[in-house]
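Okay, so here's the structure we're looking at.
Set out below in structure tokens:
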């Protein structure tokens, strides 16, 4: 019983740690967004917010201020202390519920997200809250719940622009979920191939299966489809139909203010961070350092963390993983400040007429390729088909 | 001149035929048909001086053969026009049959440019500080007929500025264009010749004769007359630019002469009062004292709040208290000649609802035989016409005092009259309940139980009947203090409070419809259609009353109906 | 612990399912339905059917109900008048419901009910498992293996059935006018 | 007018995917990201204000320190948003500028109403009001942003005056007073 209690306590502590990391990553993504936007536009970005005390430290303090390090704090405090309006015409329950629904799935999905590895004796184990077998399904399932926040929020606000935002969002999310789900099938086919043992749908196994080559390299089209769908699922430009400031004022969150808006806002960035992490895991080899091309003697290249002591290798793998993730977060912003928004019909056309068929073709093509690969190189290990 | 009204002749102005009265001054004749002849020195009410030369026009008559008297025809068979070789001043000419005028010819234009150039030689270009700017004839004609640029490079004359001609008139000599209107006014109209020109040539200067000053009660008319900013009113000087001011037609309440005025206000503040031309009442003149009357609007002793027993109250509380007080015992009313006809009519309606004797005070003072009569109220005759008065009132309210002493009157409803001044001692007044409706505080208001503030003549509209039995309208010039109602509305409210029925504020046209039916002299009068120059009423019923007014400029104290008037000049 | 969770989630499922039927507001109904699905997913979790639980959330809560909600919001179902069912419908529904309940009771408690036996031990996928000896485990791989081997035919038939349904829906929803032609496509301005 | 229909040139495969354009766009934004920033750090760094800038309207004095405004109220008249309010007043005889006769007793400009159109500057016959280079107006209350005469003169300062109208007038007056030719 004591060990169970201890287990629970440790899990809770880990969970809190995860939440803290993800939330601060989301918060700093907001800062990153503002910085990237300003850089692209030839500006400097937030560089004024100072924290009393720390900013008084010579050299370092002003530098941090210049980087805008304290800006997310100021933003958060601002969200907290702003007047919290509750418009008279809204459906109060759903109006208040929607921001929570928007944030919770994003935080839930991180439960099955491996962020690094450590050595338990000789066995490589993932740094993860729950190493479940159905990891990717879990992420897809909860990711798909995120749409409710937007739909309910847009509907509960009971006014026309939020409503349009909500309607657009639901259609867009459903369309791209399909393409997204199908684009990862080749990855799973590969991960569950004969070379990789009995992997299942666990994300850790997917990372392990990419030591030879990152899947993004030889599955560029599924990777691309996944990335595009990811942009659509997180409502990022060029797919931010639910918000589309130019036509819908603020889209689904037009009627929201203060901390409720803040939840939507942070939820979007949390989605973005988690999405980037998932992409890294699925197509970019997770925390694998560099591909080793399946050559045994080069194994140290793909997994140098295993050779290090745990106290060094574990954190390094996490840091490397976060680094890769942050690159994709940056890519999100880079794309946002480069591409214009699609028209709604273009979004639908792209989703249904190009991405879904493309993903289907990829599934078939990679199934054949992997099947042939198996026959050619690992025929004897292929599971026999019994009656 | 009497027959000139009917005797129309045809004259030709710039090639167009116009029908104008025979023998009319050419400037006026042209103005009556919409052709402007610029002029400075000419004024329709003054003698012709002809010294500004601005009204130069080309004149001609149809040619006739001297010997035979036959018309001289040109090749087309049209009678030739014999144009005068030089231009002539229009102001010194009169219309005659067949007269031909050129007001827009090159010669005329050149003449005007020349005159303007001479006038501007020494005229300072200080329009920004000149109070006349905006209504300055020189400014207007300089833009309309001037050359547009100056050829004058020498130093301008320096003349005295800010000369005090009199207590109310300031002269800026540099601006004077020597039109002599003011001199002629003092001479001919005011009959107080104190102004004259000294020095010669370009040093010609307007001054008062030694030992005199321009202190007549009509001195400010010279300011109105002055076509430029030379003569300015010391009161109005540098107060406000005239283009901001909105003129509203009103009637002077100084005396029963009923001088027509224009009240100039901006954003609810009155800045000056000027006479409004009415050839049947005041021509274009006005007394200085009447021009200062606007100060009463913002006077210190102005009443602005309803008071019941000395405490501030709402209008509802005040009217309720009025009803209570009026029901305690016999009521007497003290009306006033300061009330408009409409208000007097409403008072009559009140007196019918709550019967009581109506008293007036006859305010008599000095008259000047011109535009200030001996009766110091503008509308005593309204009281007669509305039936409040049967005969002329006394100067003092002795009858009411006697009644008070005997205890026959418990409540007095007083309309702006100072009862203490009217001969009722304060101790006696304290025995009665006094309901006072008035605009300013006085000895009586200290005693009154209910004080109801009213609007001044500038803040309400209505009509007065002047000494000639001429019904004249005045319009609201500025909004009254917040919360105050016109006296007609107040009376309507009191009546409805007493009767216990619903209150609606009566409008003047409404009241006039009632009065037209009830009062013989008002039959057929519509408020909206009372002309700007007033409407003469049938005064035969009051012909025998001994009014105190003496002969004025347009008034004969007639035993005969007052309508027949003879022009003083 | 497991019992407590079972009762908790069953209560959640049943209660929200009940609320779906009685709630007047269509959006409320849809939300309760989602709650009901989530509750059911939790029950699947208690049965260690993780794959099924994830699919339940993914397909029903994540996709189907979003479409439902989409339609409900689009039609503004709040304003729909409440229809009082006629007598026949009430009788039929009552009879049908009673039959269903009695059937369920019979199956659960009747003589032919499945005996209350221990469930087979569900284990982790052994590390050394090969294709031949994949046991029945909680792992999705074993699930997939079963699907493509033992239950191949039902799986294919179900898939075919779904395909037919899909084609049927498309055919029905495509309006074809009397002449047999498809209605002219609306021109979309090309930007 | 003849209409000529120009066919769009057909796209090749890569152009149809739009990917080269997207990548080109990304390259442009990346290049921009690496360029030096153009931001002006406002309160510390100030932009250079061009001479004909229309900032806050101010009242100016002539080189002798005389207030140039004679309260002719033309600016008040012309002001489209009615931001200007002048209380005219005369100059005391004992004042050294008595020859000007008139000046504003108070001169208010409501900066919340002002639209910086410059019509007051254009209309001013005395060249007393100028829209100068002050562009940052702030205050804690509405009353604070109604600038009065003292503040307007403080903002305006003294401008080199090209016109010596009033000085010449004074000289002429003095000459006459001294018995000279007038």
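Residue numbers (my numbering), protein chains in the order written: chain A, 77 to 463; chain B, 11 to 579; chain C, 4 to 194; chain D, 381 to 562.
For glycine and all other residues, C-beta sits at the position ideal for the given N, C-alpha and C.
- Shown here, residue 438 of chain A sits in a helix according to DSSP, grouped into three states.
- Contact with chain D is absent for residue 297 of chain A, since none of that chain's Cβ atoms lies less than 7 angstroms from the residue's Cβ.
- The C-alpha of residue 154 of chain A lies about 9 angstroms from the C-alpha of residue 338 of chain A.
- Near chain A, meaning a CB-to-CB distance below 7 angstroms, no residue of the segment 523-555 of chain D qualifies.
- For the pair residue 482 of chain D and residue 473 of chain D, the CB atoms are not nearer than the 7 angstroms cut-off.
- Listed in chain order, the positions of the segment 115-127 of chain A with a beta carbon within less than 7 angstroms of a beta carbon of chain D are 115, 116, 118, 119 and 120.
- If you compare the alpha carbons of B:319, B:61, B:207 and B:255 with that of residue 443 of chain B, the shortest gap goes to B:319.
- Listed along chain C is no residue with a C-beta nearer than 9 angstroms to that of residue 256 of chain A; the closest approach is about 11 angstroms.
- Non-local C-beta neighbours of residue 443 of chain A in its own chain, meaning closer than 7 angstroms and more than five positions away in sequence, comprise 265, ordered along the chain.
- In the structure shown, residue 457 of chain B falls within a coil segment according to DSSP collapsed to helix, strand and coil.
- As computed with DSSP, residue 218 of chain B is found in a beta bridge with B:205.
- Going by beta carbons, residue 342 of chain B and residue 445 of chain B fall outside the 7 angstroms limit.
- Interface with chain D (7 angstroms Cβ-Cβ cutoff): residue 146 of chain A is excluded.
- With a beta-carbon spacing of about 6 angstroms, residue 243 of chain B and residue 178 of chain B fall inside the 8 angstroms limit used to define contacts.
- Within the same chain, Cβ atoms closer than 6 angstroms to the Cβ of residue 511 of chain D are found at 434, 435, 437, 498 and 501, the five residues on either side in sequence being excluded.
- Residues of the segment 430-445 of chain A that bring their beta carbon within less than 7 angstroms of a beta carbon in chain D are absent altogether.
- For residue 450 of chain D, the residues of chain B that pass the 7 angstroms Cβ criterion are 138 and 139, in the order they occur in the chain.
- Across the segment 148-175 of chain C, CB contacts with chain A closer than 9 angstroms involve 148, 151, 152, 153 and 155, in sequence order along the chain.
- Inclusion of residue 171 of chain B and residue 182 of chain B in the CB contact set at 7 angstroms is warranted, their separation being smaller than that value.
- As a beta-bridge residue in DSSP terms, residue 446 of chain B pairs with B:424 and B:461.
- The criterion of a C-beta distance shorter than 7 angstroms is not satisfied by residue 350 of chain A and residue 102 of chain A.
- Excluding five sequence positions before and after residue 375 of chain A, the CB atoms of its chain that fall closer than 6 angstroms to its own CB belong to 368, given in chain order.
- For residue 557 of chain D, the uninterrupted alpha helix (DSSP H) run begins and ends at 545-557, by DSSP.
- Rounded to whole angstroms, residue 78 of chain B and residue 72 of chain B show a C-alpha spacing of 14 angstroms.
- Annotated as proximal: residue 388 of chain B and residue 263 of chain B, with beta-carbon spacing under 7 angstroms.
- The C-alpha of residue 248 of chain B lies about 14 angstroms from the C-alpha of residue 454 of chain D.
- Assigned with DSSP and collapsed to three states, residue 146 of chain A falls in coil, not helix or strand.
- The beta-bridge partner set that DSSP reports for residue 256 of chain B consists of B:275.
- Per DSSP, reduced to three states, the secondary structure at residue 527 of chain D is strand.
- Just measuring C-alpha positions, the residue of B:494, B:502, B:491 and B:546 sitting nearest residue 483 of chain B is B:546.
- In terms of beta-carbon proximity, residue 252 of chain B stays away from the interface with chain D, with every pair separated by 7 angstroms or more.
- Between residue 50 of chain B and residue 189 of chain B, the C-beta spacing is below 7 angstroms.
- Contacts between residue 248 of chain B and chain D, judged by CB atoms closer than 7 angstroms, involve 468, 469, 470 and 482 in chain order.
- The beta carbons of residue 370 of chain B and residue 397 of chain B sit no closer together than 7 angstroms.
- Taking the CA atoms as reference points, residue 140 of chain A sits about 45 angstroms from residue 372 of chain A.
- When the Cα atoms are used, residue 244 of chain A and residue 73 of chain C turn out to be separated by approximately 9 angstroms.
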